[in-house]
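K.L.:
Residues in the sequence shown are numbered from 167 upward in steps of one, following our numbering.
Glycine included, C-beta positions come from ideal geometry on N, C-alpha and C.
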Amino acid sequence: MVMIKKANPVGFCWGVRRAINIAEDALKNKTKIYSFGPIIHNPLVVKELQSKGLEVIKDADQALDGRILIRSHGIHPSIREKIRAKKIKILDATCPFVKRSHRIVNNLKREGFYIIIAGEANHPEVAALAEAAGKNKRIVINSKQMKRLNLKNKEVALLAQSTLTKSLFEEITQSLRDKNPSKLKVFDTICSDVAKRQYEAARLSKTVDLMFVIGGKVSANTKRLAELCKKEGVKTYHIETEKEIKDEWFKGAKSVGIISGSSTPRWIVDRVIIRIRRNVTI
Ligand code: SF4
Numbered sequence: 167m168v169m170i171k172k173a174n175p176v177g178f179c180w181g182v183r184r185a186i187n188i189a190e191d192a193l194k195n196k197t198k199i200y201s202f203g204p205i206i207h208n209p210l211v212v213k214e215l216q217s218k219g220l221e222v223i224k225d226a227d228q229a230l231d232g233r234i235l236i237r238s239h240g241i242h243p244s245i246r247e248k249i250r251a252k253k254i255k256i257l258d259a260t261c262p263f264v265k266r267s268h269r270i271v272n273n274l275k276r277e278g279f280y281i282i283i284a285g286e287a288n289h290p291e292v293a294a295l296a297e298a299a300g301k302n303k304r305i306v307i308n309s310k311q312m313k314r315l316n317l318k319n320k321e322v323a324l325l326a327q328s329t330l331t332k333s334l335f336e337e338i339t340q341s342l343r344d345k346n347p348s349k350l351k352v353f354d355t356i357c358s359d360v361a362k363r364q365y366e367a368a369r370l371s372k373t374v375d376l377m378f379v380i381g382g383k384v385s386a387n388t389k390r391l392a393e394l395c396k397k398e399g400v401k402t403y404h405i406e407t408e409k410e411i412k413d414e415w416f417k418g419a420k421s422v423g424i425i426s427g428s429s430t431p432r433w434i435v436d437r438v439i440i441r442i443r444r445n446v447t448i
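#1: What do you get for Pro290, buried or exposed, if any count of 16 or more other CB atoms within 10 angstroms of its CB means buried?
#2: Is Ser238 near ligand 1, in the sense that its beta carbon is under 7 Å from a heavy atom of that ligand?
#3: Could you check what DSSP says for Lys313 in three-state terms: helix, strand or coil?
#4: Would you mind giving the Cβ-Cβ distance between Phe263 and Cys357, rounded to the nearest angstrom? I have them listed as a contact below 8 Å.
#5: Residues in its own chain within less than 6 Å of Thr447 by CB, not counting five upstream and five downstream?
#6: With DSSP run on the structure shown, which of helix, strand or coil describes Ile206?
#7: Which of the three DSSP states is assigned to Lys172 in this structure?
#8: Does ligand 1 have a heavy atom nearer than 7 Å to the CB of Val292?
#9: Grab me the residues of Asn308's own chain with a C-beta within less than 8 Å of its C-beta, minus the 5 sequence neighbours each way, in chain order.
#10: Out of Leu325, Arg237 and Glu247, which one is the CA nearest neighbour of Asn273?
#11: Which residues mark the beginning and the end of the beta strand (DSSP E) in which Gly427 is found?
#12: Give the C-beta separation of Thr430 and Ile380 to the nearest angstrom, bearing in mind that I take them to be a contact with Cβ-Cβ under 8 Å.
#13: Nearest CA to the CA of Ser328: which residue from Glu277, Val384, Glu190 and Lys265?
#14: Taking Ser244 and Ala259 to be in contact with their CB atoms under 8 Å, please state how far apart those CB atoms are, rounded to whole angstroms.
#15: For Ile448, does the three-state DSSP call read helix, strand or coil?
#16: Taking DSSP as the reference, what is the three-state secondary structure of His239?
#17: Under 8 Å Cβ to Cβ from Trp433, same chain only, skipping five residues before and after it: list those, please.
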C-alpha cells in the first residue's frame, strides 16, 4: 500500500472560493451572467458553471444585457471603463489581494515612480496591473531581463504577481538593489496562500517518492508548484484529474505527495486520492 501525504492547504484558496460563490449566487437569480475570460484557470469548474448558465466572453461587446462578472485576477482599467460605458452591471469578484496591488500601482503612478512588475507579461493579473501602471513601467520575469535597464537616479518601485515564487522575487529585488536607483520601494504582493502552498510543495517533495500536483494546465500557480517539486528532484506529475493517472507511474514508489493549485476544487483532490488508494496495485 502506497503512503499518501497531503499538503495543507489543498482545494480552493479564499479568493477563488469567493469568486465562485459570487458567480453561483448570481446564477441562482436567473439573470444572464457573463464572465470576462474563464472565471478561474480550471476547465472542469468553468464547465460546471457554464452548465448553470455562465457565459464566457472575450470582449465587453459580446455582453448584450445582464451582468459581467470580473474574475479573481482582476481586469484592465480600460475594459472596466468600457463595461461602465455600456451601462452593464459589474459583479466584481477581483480578489482583495489583487485589488491591493492595483491600489499600490495607482499610488505609485501618482507619485511618479518607475514601476517594475515581477511576473508573466501574458498573465491576466499582470497585464491588468501593467495597463494601470501606464508607460513608466517594465514587466520582468527574472533578473536577466533587467540587465540593460538603467535605473540610476530613478525612483523605482517593485511589486509581484500574486503567484510568483518567493525565491524569484528575492532574486529580482537583489538585482534591482544592485542597480542603485535613487529610491527603491519594494512591495511583496505574493499571496500568503500561494506562498504556503509553495513551501508545502518543497517540504513534501523532500519526503516522498512521487509528487502529484493537481490543477489546470494553464494555471500559473499550479505550474509553479510543479516546477518547485521538480527542482527538489522528485518525480512529479502535473494532472488536472484522476483520469490521467497511470498505474506504471507508481512502480517502486512507497510514498506519494499530493498538492493542489489554488483554483482546484477539493472534490478533484479527493478523487485523485481515491484513485491512488483503490486502483493501484504495486
Ligand atoms: S491565490 Fe491568493 S491572490 Fe489569487 S485568488 Fe487566491 S487568495 Fe487571491
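P.N.:
Considering the structure as presented:
#1: Here Pro290 is buried: its Cβ has 16 or more other Cβ atoms, across all protein chains shown, within 10 Å.
#2: Answer for Ser238: yes, Cβ within range of ligand 1.
#3: In the structure shown, the three-state DSSP call for Lys313 is coil.
#4: Indeed they touch by this definition, with Cβ atoms about 5 Å apart.
#5: Note that Thr447 has pLDDT 45, beneath the 50 cutoff, so the model's placement of it is unreliable and the number below is only indicative. Cβ neighbours of Thr447 within its own chain (closer than 6 Å, five residues either side excluded): none.
#6: Three-state DSSP puts Ile206 in coil, outside helix and strand.
#7: Three-state DSSP puts Lys172 in a strand.
#8: Incorrect: Val292 has no Cβ contact closer than 7 Å to ligand 1.
#9: Leu334, Glu337 and Ile338.
#10: When C-alpha distances from Asn273 are compared across Leu325, Arg237 and Glu247, the shortest belongs to Leu325.
#11: Membership of Gly427 in any beta strand (DSSP E) is not indicated, and neither H nor E is assigned to it by DSSP.
#12: 5 Å between Cβ atoms; contact.
#13: Looking at Glu277, Val384, Glu190 and Lys265, the one whose alpha-carbon comes closest to that of Ser328 is Lys265.
#14: Between Ser244 and Ala259, the beta carbon gap of about 19 Å keeps them out of contact (Cβ cut-off 8 Å).
#15: Confidence at Ile448 is low in this model, with a pLDDT of 40, below 50, so its placement is unreliable and no value can be given for it.
#16: His239 falls in the coil class under three-state DSSP.
#17: Taken in chain order, the list of residues that qualify is empty.
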